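See structure below.
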Amino acid sequence: MEHPVSEWHLTAEQARNMAEKIKNVEVLNTLAKQEINLTGGEASQNPDIVEICKIFQTITPHVCLHTNLDILSEKSKRWSRLVEIMKLNARVDITLYPTAWESSQKLFLEKMLKLQNKLIVNVVYESLLDLKNQIGLLQNFFQEKGIAHVTELLQTYSEKIATLTNEHPNCDDKIFTTHMGDIEAFASKPDFIFGISLLPAFNVDKNGYRGMTSLPFPRDKYLIGCPAARGSIDIMTIQQNGEMTPCCDVGNLKCQPKFGNVLKDSPHEIMERMETSMKVLASGIKKNHENLKSGKAGMQVEEGIPPYCS
Ligand code: SF4
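Here it is in C-alpha cells:
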C-alpha cells in the first residue's frame, strides 16, 4: 500500500545532518551507539528510508525500524524497502494488529523470519481479553514455525493472563504487574532472539492529550516516571524537524520543554538547552505531584509537562 510522500518524511540530507550532529554531541552519541530506532508514522513509507538506515549505521550497528507490517503485496515498495533494510542487517520490529494479522501481518512475518533472526513485537492491548487473544495469535504462529523457545515464553504469558481473566477479570494495574511478576521479555537462542513488549492502550482527547488512566486498567492513574527530570537521559526522541524530547514520546505526549534542535542548533546550544529544560521538567513534575495529591490530577501545568508525568 503506497501512500503519497508527505513533507514530514525525513530526507536523506536531513538524516546526514542529524548523524553528523549526533556524532559531535557526546550525550547523543553515547545514546545512539546503543540503538537508533526509526519509528513514528510508518517509516517504511519513506522512499529514502533505506539510504537513511545506511546513514545511521555509520553511528551504530544497532539500527532498527518499526513497522505495522500492514502490507498487501510482496511487490509493494514498502516491502522491498523492508527487505533491503533487513539485508543491511538492521532489525525490523512490528506492532501486532489483530485486524491485519490474517490478511497481511502473518504472511509477511513469515517472510521476515527468513531474512532476520531477531524481532521485537509490541502488543498494544485494550483489555485483558484482548491481550490474551493477541498472545494466542503469536503463540500459534511460533508453534507452527516450530520455534520452541519462543512458544514456551508465549505459553508462560498465556497461562499467566488466563489466570487473571478467570480469577481477576477486572484487576487493576498493580495486580496485573504483580501477577506477571518478573516474566522474561526476551526468549533468546543463538538462532533467534525474540522480544515482546506489552503496552496498554489509552484514549486521547480532542486536544491530543492521553487519558490519566489506560483502557485495560481504568481505575489507576497511569504515570510515566520522567528520567530527564531526575537528571538522567536514557532515551532521546528526535522528530523529523530535529526537535528532541528525552523520552519515548514520539511527539505524542505534548511535552513542551525542548532539548534543542539537532538540525539547527550547535552542539554547545544543545547542551545549554538540555540543562535549562531539565530544570523546567523538574519544576513541572513537582507541580504534577502536588496536583495528584490535591485531587487535581490531569491539570496542565504552565511548564508544559504532560499531567501524568511524575
Ligand atoms: S515530562 Fe513526560 S513527556 Fe516530558 S520528557 Fe519527561 S516523561 Fe517525557
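Take the sequence shown: its position 213, counting from 1, is numbered 212 in numbering that gives the first Met the number 0, and each next residue is one higher. Cβ atoms here follow ideal geometry from the backbone N, Cα and C, with glycine treated the same way. Note that the coordinates shown come from a computational prediction; the quantities given were computed from them, not determined experimentally.
In this structure, Cys52 has its CB at a distance of at least 7 Å from all heavy atoms of the ligand SF4. A distance criterion of 7 Å places the beta-carbon of Asp248 in contact range of the ligand SF4, judged by its closest non-hydrogen atom. The criterion of a C-beta distance shorter than 8 Å is satisfied by Ala228 and Ala281. In this structure, DSSP gives Ala200 a state outside helix and strand, which the three-state scheme calls coil. In this structure, Lys32 places its C-beta atom within 8 Å of the C-beta atom of Thr59. Of Met111, Lys105, Leu127 and Lys159, the smallest CA-CA separation from Asn139 is found for Lys105. Looking only at Ala161, Arg80 and Phe258, the smallest Cα-Cα distance to Glu271 is reached by Phe258.
The segment 8-24 makes no contact with the segment 219-227: fewer than 3 CB pairs, one atom from each, lie closer than 8 Å. Under the three-pair Cβ rule at 8 Å, the segment 62-82 does not count as touching the segment 14-24. His8 carries a coil assignment under DSSP once its states are collapsed to helix, strand and coil. In this structure, Phe201 lies near Arg209, with their beta-carbon atoms less than 8 Å apart. Under the three-state reduction of DSSP, Met179 is assigned to helix.
With respect to the 8 Å criterion, Trp78 and Ile70 are classified as neighbours on the basis of their beta carbons. Excluding five sequence positions before and after Val300, the CB atoms of its chain that fall closer than 8 Å to its own CB belong to Gly283, Lys286, Asn287, Asn290 and Pro306, given in chain order.
When C-beta atoms of the segment 151-163 are compared with those of the segment 185-199, three or more pairs fall below 8 Å, so the two segments count as touching. Annotated three-state conformation of Tyr124 is strand, per DSSP.
Burial of Glu302 is indicated by the presence of at least 16 other C-beta atoms within 10 angstroms of its C-beta. Taking the Cβ atoms as the reference, Gly297 lies roughly 27 Å from Met179, outside the contact range of under 8 Å. Approximately 7 Å separates the beta-carbon atoms of Leu137 and Val120; this is inside 8 Å, confirming the contact. Separation of Ser103 and Pro189 (C-alpha to C-alpha, rounded to the nearest whole angstrom) is 28 Å. For Lys131, the CB contacts under 6 Å within the same chain, skipping 5 residues up- and downstream, are Ile160 and Thr164 in chain order. Look at Ile223: its beta carbon is less than 7 Å from one of the heavy atoms in the ligand SF4. Per the C-alpha coordinates, the member of Trp100, Arg90 and Pro97 positioned closest to Met111 is Arg90. C-alpha of Lys263 to C-alpha of Glu41: approximately 25 Å in a straight line. For Ser79, the enclosing alpha helix (DSSP H) covers residues Lys76 to Lys86.
By the neighbour-count criterion, in which 16 or more other beta carbons inside 10 Å mark a residue as buried, Pro168 falls on the exposed side. The alpha carbon of Tyr96 has as its nearest neighbour, out of Leu81, Glu73 and Val123, the alpha carbon of Val123. Residue side-chain check: Ala228 places its Cβ nearer than 7 Å to a non-hydrogen atom of the ligand SF4.
By the Cβ-count criterion, Thr150 is buried, with 16 or more other Cβ atoms from all chains shown falling within 10 Å of its own Cβ. One alpha carbon belongs to Leu108, the other to Leu37, and they sit about 19 Å apart.
Judged by DSSP in its simplified three-state form, Ala99 adopts helix.
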